[in-house]
Each structure stands twice: as C-alpha cells, then as structure tokens.
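Chains as they are written, first to last, in the numbering used here: chain A, 9 to 128; chain B, 544 to 647; chain C, 21 to 424; chain D, 528 to 665. For each residue, glycine too, the CB sits at the ideal point set by N, CA and C. All remarks here apply to the structure that follows.
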Amino acid sequence: MDIAVVRDLLDKQLVDREGEALGRVDGIIMAYSADAPPRITHFELGAQTLARRLPRPFRGALSALARRLTPRGDDPYRIEVGRIVQLGRTIKIDIDGTRSAARKTELWIRDHVIAHIPGS
Amino acid sequence: MRNINVELLLDREVKDASGRRAGRIEEVRARKEGDEIIVEAYHLGPEALLERLAAPVFRLSLFRALGLHKHAHGRRVRWDQLDLSDPERPVLRCTVDELQKLVR
Amino acid sequence: MKKVLEITLGIVTSIGGFLEVGSLATSVQAGAAFGFQLIWAIVLGTICLIFLVEMSGRLAAVSKQTLAGAMRDRFGYPFFLIPLVAMSALGLLVLASELGGLSLALQLLTGISFPWWAPLGAFAAWLLLWKGTFGIIEKGASLLGLITLVFVYAAFRMHPAWSLVASGIRPSMPKHESMHYWFIAVSIMGASIAPYLLYFYSAGAVEDKWNETDVAVNRVSATLGMSFGGLLSIAVLIVAALVFVPRGIRIERFDQIALMLTPVMGRAGFVVFACALGIACFGAMLEIALSVAYMAAQGFGWKWSEDARPRDAARFSLVYTATLVGGCLIVVIGVDPLAITLLSMALTAALLPVAIVPFLILMNDAHFVGQHRNGWFSNTVVCAIVGLAFVLAVVSIPLELLGS
Amino acid sequence: MLTRWRVSCAALMLSFVGCGGKSAAERVAEHERARVSWEQTARFVGAEWVARAIPDAFVARTLARAHEELQSEAEALRKDELSEQQRALLRDSLGAARALGDSLARAVGASDRRAAAQLVDNSPRANADSLLRRAALR
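Shown next, in the form of structure tokens:
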C-alpha cells in the first residue's frame with residue numbers, strides 16, 4: 009500500500025482501541041541509515057514536538073513553556089507504527105488509551121483542575 | 544542508524560554536491576508492508592507542495608486558464624539518492640539533472 | 021415528515037440564534053446614521069453566511085470531520101495555528117462585547133447599576149456549559165431567542181416606506197461622512213458573517229452524527245434560517261432609522277439603543293428590548309466560548325463533547341472556562357462596550373480571509389467532500405464577498421481609528 | 528522595486544492623513560451634530576419618562592450620561608481652532624442643551640411629570656424634515 013507520509017499520516021487524529029481520542033500525530037520518527045531504505049518507526053505526540061515545528065522566533069519560548077506546563081518524563085510520547093490497526097481519516101491504534109501516557113496531560117488537568125470544581 | 548523527525552525535514556532545501564538547488568522537501572512517499580512502513584522517495588518543489596496542500600486549486604478552471612499550473616514543478620528523489628547524515632542540510636548523492644521530474 | 025420537522029427546527033434555531041450584540045449594534049448604528057442606505061451590507065453579509073454555513077454543515081455531514089479538525093489535517097499544524105490564534109483572540113473580544121450587552125440588559129431590567137453583572141453573567145454561562153448538554157444549549161437558547169422577532173413586529177408597526185427600504189438593497193456611495201459609512205458597512209459584514217459560527221455549526225453537526233442524507237436538509241434549513249435571520253437584522257435597522265434619524269440622535273452609547281422600541285410599544289417595548297438583548301447576548305456567549313474550545317480540542321486531537329461530563333473532556337472544558345474568564349476580564353477592565361463591539365466586528369471582517377480561504381480549499385477537495393464539492397457559483401460568491409469585506413476593512417479601520 | 532513600494536506606501540499614508548484634516552465648516556457641523564444628538568437624547572428620554580415608558584433609574588443614568596457627553600463636547604470645542612464668533616455660538620447652544628438635561632434630571636428626581644412635560648414641550652425639536660431628507664428617508 010502506497011502512503012504519502014505527510015498527507016496521510018502527519019497531523020491525523022489518533023484513536024485507541026475503543027475509538028477514544030488520543031491526540032494527533034504531532035511528529036513522525038524515521039530510522040535512517042545510509043545503506044538501507046529508511047523506515048517510519050514511531051508517531052510522536054506532545055507539546056515539545058509541536059513547539060519544535062514552529063518558526064524559529066517562537067520555538068524556544070514555547071518549548072520552554074511546554075516543558076514547564078506538561079507532566080515530566082513522557083513528553084514527547086511515542087507510539088510504534090506496528091500498532092496501527094487502521095489507516096484512514098482517523099488512525100486507529102491498538103493500545104489501551106485509559107492507561108496510555110498520551111493521556112497524561114488530559115488526566116493531569118482532570119485530577120488537578122477540573123476535579124476540584126464542583127459538578128465536574 | 545539514527546532517528547530523524549520527518550516533520551522537521553519539511554521545507555528543507557536540498558542541494559546537490561556542487562551546491563545546485565534541487566528544491567524543498569514537501570512530501571515523503573512510503574509503502575506499507577505488514578507492520579513496516581518503508582520510505583521509497585522524497586518529493587521536492589512547489590509541485591509536491593501543491594500536491595499536498597492545494598490539489599483542488601488545480602481543478603479550478605481559472606487557475607488553468609491563467610496557465611499557472613505549468614509553472615509548478617517538482618522532483619522525485621529516490622531514498623538512495625538523498626544523504627541525510629546531516630538532516631539540517633540534506634545533500635543529493637547525484638546531480639540535480641539525474642532526478643526524475645514530477646509530472647501531472 | 022421527519023425531514024420537515026428537522027428543517028423547521030433548523031430554521032427556528034437559526035432565527036433565534038441570529039441576532040447578537042454585534043449584528044444589533046451595527047444595524048442600529050447604520051440605521052441611525054444613514055437611514056436605509058446600508059441595508060445592502062446586511063444582504064451581502066447574509067448571502068455569504070448562507071453559503072458558508074451550508075458548506076460547514078456539508079463538510080461535517082460528508083467527511084464526518086469538523087472544520088477545525090479538517091484544517092489541521094489538510095494544512096498541517098503550523099498553518100492551523102494562524103486561524104486558531106486569530107479566531108481565539110477575536111472570540112475573546114466578541115465575547116467581551118456580548119458580555120457588555122448582557123450586563124446592560126440586566127441593568128435595564130433591574131435598574132441596578134452594578135459592576136458585577138459581567139462576572140455574574142459569565143458565571144451563569146459557564147454553569148450552563150458545565151452542566152448542560154449541546155441540545156439544551158442550542159435549542160433552548162434559540163427558542164428563547166425567538167423573542168427577537170419583536171423587531172420585525174416593530175418594523176411593520178412603524179410603516180416604513182417600503183420602496184425606500186427596497187432602494188437600500190442596492191449598494192450606493194455615501195453622501196456624507198464617507199469614512200464612517202464604510203466602517204459601519206464593514207462592521208455589519210463582520211457581524212453577519214461571524215466565522216466562529218461556522219466552527220460551532222460543524223461541531224454541532226458532527227456531535228449530532230449527520231451523514232450524506234442530511235446534505236439536502238442542511239441546504240434548505242441553512243438557506244431559509246439564515247435568510248430569515250438576515251431579515252431580522254434589516255428589521256432592527258429599519259426601526260433604528262425611523263426612531264433615531266428624525267430626532268437627530270447618533271448612537272454613541274449602548275444606553276441610547278434601549279429606547280428604540282418604546283415609541284411603538286411603550287413600557288412593554290423597554291422590557292422586551294432588554295429581554296431580547298439579554299437572551300441574544302447570552303446565547304451568543306455560549307456559542308463563542310464553545311467555538312473556541314471546539315477549535316482547540318479538535319485541532320489538537322483532544323476528546324471533545326459538550327454532552328460529556330467535564331471530567332471526561334478535561335482540556336476541552338478548561339478551554340471554554342478560560343475563554344469565559346478572559347472575556348470577563350476585558351469587560352471588568354472597563355472598555356466602552358459599544359466601541360469594542362464595533363471594533364471587533366470590523367476586525368472580524370479584516371480577518372475573514374484567514375478563516376475562509378483555507379475553508380474554501382477544503383470544500384473543493386474531493387479527498388474530503390467527494391462528489392459534494394463546491395460548484396463555481398458558491399466559490400465565486402464567497403470569494404467576492406469576503407474579498408470585498410477584507411478590502412473595505414483594511415482601508416476603513418485605520419481611517420476610523422485615525423479619525424476618532 | 529523596493530523603493531517604488533516605499534514611495535507608494537508613503538503616498539497612501541499621506542492620503543490617509545490628508546483625509547484626517549477637516550475644514551472649519553466640517554468641524555462646526557460635527558460639533559453641532561454631537562450637540563443635537565445628546566440634546567435630543569435627553570429630550571427623548573424625558574418624553575418617554577413623562578409617558579411612563581421607562582423606569583426612573585434608566586432616565587437618571589441616561590441624563591447623567593448626556594451631561595457627561597455634552598461636557599466633554601464643550602471641552603473638545605475649547606481646544607478646536609475656530610473663529611471666536613463660531614465658538615461662542617456653539618458654546619451657547621451647548622450650554623442650553625446641558626441646562627435642558629439638568630432641569631429634566633431635577634424634574635425626574637422630584638417625580639414632577641408636569642414640569643418634565645413642560646420642559647420637553649418648550650425645548651427645541653430636531654429638524655426632522657431636513658434630517659429625514661439627509662438620510663434619504665423622505
């Protein structure tokens with residue numbers, strides 16, 4: 009199957025096994041060596057990856073901001089392309105989203121901000 | 544073996560050994576084989592960008608009437624023709640003239 | 021039968037949700053300063069809105085994608101940030117002016133001049149978003165919004181010379197104060213086209229799980245609903261012209277607008293006006309706060325749904341909360357609400373190409389909408405009106421700012 | 528190429544600034560229009576109050592607003608470079624407008640509808656005919 013990596017993979021919506029939103033493909037990792045065809049190995053998600061994609065004047069400041077705001081350790085977060093179940097307008101990944109580190113920011117905001125507001 | 548971020552390759556200028564410009568990287572073509580996605584070629588130049596961003600514009604009869612579509616051009620670089628050992632400065636392993644033209 | 025019901029409901033929602041502080045304030049200003057001469061701006065803006073709303077519904081029905089999501093898909097993340105930032109900043113400004121309108125309405129109704137109306141109003145809106153569902157917000161706000169039909173009643177009661185009204189539909193050059201004339205024309209177009217509405221509409225269509233069978237229903241209800249909405253704006257302009265022109269009153273403050281229905285309806289007119297203003301502004305606040313949240317969540321791939329509990333869509337809920345707080349701060353700082361309304365409407369017009377051009381490209385892309393692509397007619401109409409609004413905005417905003 | 532751009536930009540800016548400068552007659556008309564607008568707002572509010580169409584609090588606030596606006600208009604007039612004769616004329620009419628608003632406010636404060644009605648009747652009406660014609664409504 010032919011794939012246009014930028015058109016068909018980059019920036020697409022990712023969903024987990026249950027069809028719940030995981031995030032979008034913020035970056036794509038390619039393993040490169042001089043003498044064999046390069047391989048696309050991982051999707052990358054996270055604020056750091058997004059900050060790096062901006063034009064130079066914004067890059068540094070936003071990347072520092074992202075470092076301060078996001079939970080430590082899992083940014084950026086990588087998903088192996090071997091876990092792709094289905095390619096299309098959304099890309100389905102065979103992982104359990106509730107425990108995935110891709111949800112870390114979402115869960116952090118839920119537990120530290122939203123949960124403190126009554127009626128949430 | 545090293546890891547390269549594909550999204551950061553976009554818009555990078557590719558030159559050949561003599562310093563001649565071949566165009567900017569706009570698209571990466573690959574094929575999926577089982578669990579693997581194997582890169583086959585890089586597409587350079589405005590044609591490749593249009594292919595990615597504004598394909599429908601080509602269908603607009605106005606665009607065609609103005610003859611603008613003839614000016615867009617692009618080149619296809621096979622995976623083995625591109626040296627990415629410095630991803631900031633992609634260099635061709637051949638000359639610009641040896642590259643295949645993207646035709647619509 | 022079910023289709024008829026759907027269409028009716030769609031039309032009712034568009035009518036009830038059409039008027040908000042922007043279209044109200046710009047129409048009143050136009051009527052008071054230039055009589056019926058600027059009706060053409062409402063007509064052009066509404067025509068453009070009809071096409072755009074129909075398109076965003078069609079995009080959602082065919083591709084199952086929201087407008088914001090499709091933009092990030094097609095144009096990539098760095099480009100997507102431009103409309104995101106522009107629309108969010110604009111959203112805050114417009115939200116602030118809606119909040120200003122709501123505060124005024126509450127002040128008129130209670131007689132209490134109270135600096136805390138804005139935070140209270142913002143809190144009420146937040147509470148509804150926090151606890152309510154999309155259905156309640158969309159249908160409830162627009163059913164209540166039908167009270168704005170009172171302007172149509174008033175316009176008929178004042179017996180305007182309909183031939184003069186009709187002659188206002190034809191664009192004409194200003195006879196006096198040309199700078200102000202073009203500025204108001206631009207603000208009217210910005211207020212009518214209101215791009216945040218498109219993000220709201222497409223998110224709603226995806227939330228309601230539209231599919232290709234809804235394309236026809238969407239076309240009819242968007243066309244009729246928005247046309248009737250435009251007639252409402254025209255009615256406001258007519259009433260304003262007949263009330264304020266013969267008295268020589270220029271609208272410089274919101275308070276003056278509150279008098280527009282009393283000559284026809286007496287005390288009831290005053291109360292009805294305050295209610296209509298309050299409801300219209302409140303409904304628009306909900307829409308704007310949600311639109312900003314939809315845009316961010318869909319663009320970044322977060323979970324979003326107004327029907328989910330806030331804890332199940334944490335970042336989405338955080339964004340609309342922050343938007344309401346931000347809009348509220350602008351009001352509390354104490355900028356003149358009418359000035360900020362007019363300026364934000366004119367800025368909307370100036371920023372239209374940023375929101376609309378990528379949208380048009382999407383709507384011509386078979387990859388997204390398949391055989392339901394735009395025809396040359398809708399492309400031309402939208403390009404022409406957006407282009408006109410943009411050019412007028414770029415020329416008239418600096419002039420208006422220099423002049424005042 | 529670049530210079531040509533600069534020249535045309537400069538020309539554009541100049542034409543903007545040129546539009547900003549208004550003739551004395553235009554400025555007089557503008558002062559006049561602002562005065563009429565707030566004088567008539569006060570009168571309108573007064574008439575509607577007499578007809579019991581609007582609540583007291585709203586009337587008081589709008590009259591106070593009219594007072595403020597007429598005040599700042601007087602301020603603007605003082606700074607404007609006009610002939611002494613023009614200025615005096617405008618100043619007098621501004622004063623009369625402010626006096627009308629203030630007396631209306633007093634009448635409203637005392638809940639004296641008859642006095643308010645009298646003030647409204649005796650104050651100058653806007654020239655509806657010419658205003659309507661100017662806006663092409665007649």
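Fully contained in the region 581-648 of chain D are the following alpha helix (DSSP H) runs of length 4 or more, in chain order: 583-606 and 611-636. Residue 365/C sits buried, since 16 or more C-beta atoms from the chains shown fall within 10 Å of its C-beta. Between residue 71/C and residue 374/C, the CB-CB gap reaches or exceeds 8 Å.
Flagged as an interface residue toward chain D: residue 273/C, by a C-beta distance shorter than 8 Å. At least one C-beta of chain A is nearer than 8 Å to the C-beta of residue 320/C.
Taking a C-beta cut-off of 7 Å against chain D, the contacting residues of the region 113-130 of chain C are 128, listed in chain order. Using a Cβ distance threshold of 8 Å, residue 616/B and residue 641/B do not count as a contacting pair. Sequence-distant partners of residue 167/C (beyond 5 residues in either direction) whose C-beta falls short of 8 Å from its own C-beta, in its chain, are 292, 295, 296 and 299. Note that the C-beta distance between residue 627/D and residue 650/D is below 8 Å. Neighbours of residue 29/A in chain C, taken as residues at a C-beta separation under 7 Å, are given in chain order as 321, 322 and 323. Here residue 323/C is buried: its Cβ has 16 or more other Cβ atoms, across all protein chains shown, within 10 Å.
Closer than 8 Å to the CB of residue 22/A there is not a single CB belonging to chain B. Short of 7 Å from the beta carbon of residue 392/C, and not among the five residues preceding or following it, lie these beta carbons of its own chain, in chain order: 78, 82 and 235.
Sequence-ordered contacts of the region 546-569 of chain B with chain A read 546, 547, 548, 549, 550, 551 and 553 [C-beta pairs closer than 7 Å]. Between residue 582/B and chain A, the shortest Cβ-Cβ separation is below 8 Å. Just so you know, the alpha carbons of residue 562/D and residue 648/D end up roughly 18 Å apart.
Selection 579/B, 645/B and 636/B evaluated against residue 557/B yields 636/B as nearest (Cα-Cα). Residue-level contact check: residue 635/D does not touch chain C, since none of the beta carbons of chain C fall below 8 Å from its beta carbon.
The beta carbon of residue 150/C falls within 8 Å of a beta carbon belonging to chain A, placing the residue at that interface.
Of all C-beta pairs linking the region 29-48 of chain C to the region 157-172 of chain C, three or more are shorter than 8 Å, placing the two stretches in contact.
According to the DSSP assignment, residue 567/D belongs to no beta strand (DSSP E) but to the alpha helix (DSSP H) extending over 551-577. Residue 279/C: not part of any beta strand (DSSP E); DSSP gives it neither H nor E. Between residue 32/A and residue 335/C, the C-beta spacing is not below 8 Å. Straight-line spacing of the CA atoms in residue 331/C and residue 337/C works out to 8 Å. The alpha-carbon separation between residue 643/D and residue 576/D amounts to approximately 8 Å. Contact check between the region 337-353 of chain C and the region 56-73 of chain C: fewer than three CB pairs, one atom from each, fall below 8 Å, which does not count as touching. Residue 277/C and residue 593/D have their C-alpha atoms roughly 14 Å apart. In the DSSP assignment, residue 49/A falls within the unbroken beta strand (DSSP E) covering 44-53.
Under the three-pair Cβ rule at 8 Å, the region 237-246 of chain C does not count as touching the region 399-413 of chain C. Close partners of residue 138/C in chain D (Cβ separation under 8 Å) are lacking, with about 17 Å as the shortest Cβ gap. Residue state for residue 624/B is assigned as helix, using DSSP reduced to three classes. Against residue 651/D, chain C offers no close residue; the least beta-carbon distance is about 10 Å (beta-carbon pairs closer than 7 Å).
At a cut-off of 8 Å between beta-carbon atoms, residue 53/A makes no contact with chain B. Cβ neighbours of residue 146/C within its own chain (closer than 7 Å, five residues either side excluded): 341 and 344. If you look at residue 644/B, you'll find it in the beta strand (DSSP E) that goes 643-645.
Close CB contacts of residue 316/C within its chain, under the 6 Å cut and outside five residues either way in sequence, are with 339 (chain order).
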